[in-house]
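Comments concern the structure below.
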Amino acid sequence: MEAILKDPAGAVIGLDFDGTLSPIVPDPDAAVVHSEAPRTLAELGRHVRAVAIVTGRPPAKVLELGPALKEVPGLVILGHYGFERWEDGRICAPPPPAGVPRAKAELPLLLDSLGLADVALEDKGRAVAVHTRRSADPEGALAALREPLTALAAKHGLVVEPGRLVLELRPSGMDKGHALSAFLAERAARSVLFAGDDLGDLAAFDAVRSAGLPGVTVCSGSAEVTELADRADIVVDGPEGVVALLRELTSAFSRS
């Protein structure tokens with residue numbers, strides 16, 4: 668943290684969305700960005716080299732759930748683990764992979780055959796997620812899904828990314844670590860902070876460790892995912908704690 672405080676103009680601040688800037692809710696479409704996050708990010712962005720949201724969600728969905736984020740100067744959203752990018756009001760992305768809609772089309776029949784009608788599907792465009800949070804037995808449903816979803820993903824050239832009571836089918840070859848590493852190189856960062864809450868953020872933690880820069884990893888605390896807390900430099904209490912930490916940083920920059 669010392670390097671970021673001494674040289675904020677060289678710092679990149681990377682942030683996950685769900686569970687980090689937005690509280691986890693049973694229905695992913697009902698998520699809402701923390702009310703203070705857009706203003707805090709706008710203030711922070713005036714001091715640091717860049718602020719980036721690195722998420723598995725499409726950028727358009729992030730902006731739908733947090734429309735005020737559009738007004739954060741210089742914000743970059745690296746969505747779909749870096750496959751899509753929102754910046755300056757525009758989204759750029761390669762064509763979507765064919766395997767995702769094919770796998771999505773087969774999922775209802777697969778879920779029905781497993782007797783798991785109470786799980787929820789989330790269409791992310793370039794990925795499809797199967798959430799068990801609303802199931803009568805979330806952990807049992809997750810365990811029952813792992814093997815058949817892995818087989819379905821392999822059939823269509825996809826991989827399975829585990830998360831907090833969710834399994835996501837997506838293309839291989841990209842994760843939050845790749846996305847963050849590429850962004851750090853692009854911006855010639857001199858230090859980095861990344862905050863996340865889920866298993867998919869471990870790759871970003873690894874990117875911070877291997878970047879060759881002073882780096883800080885922050886866990887947006889969860890009783891459901893202990894691996895991140897074990898590997899984090901700082902553990903805070905969910906999105907409220909993340910926003911408070913970012914406010915403290917901004918205040919420190921303003922005093923220096």
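First residue of the sequence shown? That's 668 in my numbering, and the numbers climb one at a time after it.
Quick reminder that beta carbons are idealized off the backbone N, C-alpha and C, glycines included.
Quick caveat, the model's predicted, so the values are computed rather than measured.
Cβ distance (whole Å) where residue i is taken to contact residue j below 8 angstroms
i, j, result
"residue 785", "residue 803", "6 angstroms"
"residue 671", "residue 918", "About 13 angstroms; that fails the 8 angstroms criterion."
"residue 866", "residue 830", "6 angstroms"
"residue 825", "residue 770", "6 angstroms"
"residue 924", "residue 846", "Residue 924 lies beyond the stretch modelled for the chain, which goes from 668 to 923, so this question has no answer here."
"residue 687", "residue 864", "5 angstroms"
"residue 843", "residue 878", "13 angstroms between Cβ atoms; not a contact."
"residue 898", "residue 791", "26 angstroms between Cβ atoms; not a contact."
"residue 794", "residue 835", "5 angstroms"
"residue 679", "residue 709", "The pair is not a contact, with the Cβ atoms about 16 angstroms apart (cut-off 8 angstroms)."
"residue 903", "residue 909", "6 angstroms"
Length of the line joining the Cα atoms of residue i and residue j
i, j, result
"residue 837", "residue 911", "33 angstroms"
"residue 905", "residue 702", "14 angstroms"
"residue 850", "residue 896", "24 angstroms"
"residue 773", "residue 749", "26 angstroms"
"residue 860", "residue 922", "20 angstroms"
"residue 690", "residue 731", "15 angstroms"
"residue 676", "residue 704", "20 angstroms"
"residue 814", "residue 808", "11 angstroms"
"residue 757", "residue 781", "41 angstroms"
"residue 856", "residue 711", "16 angstroms"
"residue 738", "residue 700", "14 angstroms"
"residue 798", "residue 805", "9 angstroms"
"residue 674", "residue 696", "38 angstroms"
"residue 828", "residue 777", "18 angstroms"
"residue 848", "residue 775", "36 angstroms"
"residue 920", "residue 823", "48 angstroms"
"residue 821", "residue 796", "15 angstroms"
"residue 668", "residue 816", "40 angstroms"
"residue 916", "residue 881", "16 angstroms"
"residue 729", "residue 894", "25 angstroms"
"residue 913", "residue 692", "23 angstroms"
Top-ranked residue by Cα proximity to residue i, from the options
i, options, result
"residue 885", "675, 676, 681 and 820", "681"
"residue 745", "769, 754 and 817", "754"
"residue 833", "909, 715 and 811", "811"
"residue 743", "697, 853, 825 and 883", "853"
"residue 740", "713, 913 and 814", "713"
"residue 694", "879, 706 and 788", "788"
"residue 727", "717, 711 and 760", "760"
"residue 883", "862, 893 and 894", "862"
"residue 719", "699, 751 and 901", "751"
"residue 819", "678, 768 and 717", "768"
"residue 888", "709, 907 and 679", "907"
"residue 801", "902, 828 and 783", "783"
"residue 733", "876, 684 and 817", "684"
"residue 763", "848, 839 and 697", "839"
"residue 876", "900, 894 and 893", "900"
"residue 747", "669, 736, 841 and 668", "841"
Exercise. Could I get the ranges of all uninterrupted alpha helix (DSSP H) runs contained in the region 752 to 839, with 4 residues as the minimum, in chain order?
Key: 766 to 780 and 805 to 822
Quiz item: What residue ranges within the region 852 to 880 form continuous beta strand (DSSP E) runs of no fewer than 3 residues, ordered along the chain?
Solution: Correct list: 858 to 863.
Quiz prompt | Sequence ranges, alpha helix (DSSP H) only - wholly within the region 707 to 758, length at least 4 | solution = 726 to 732
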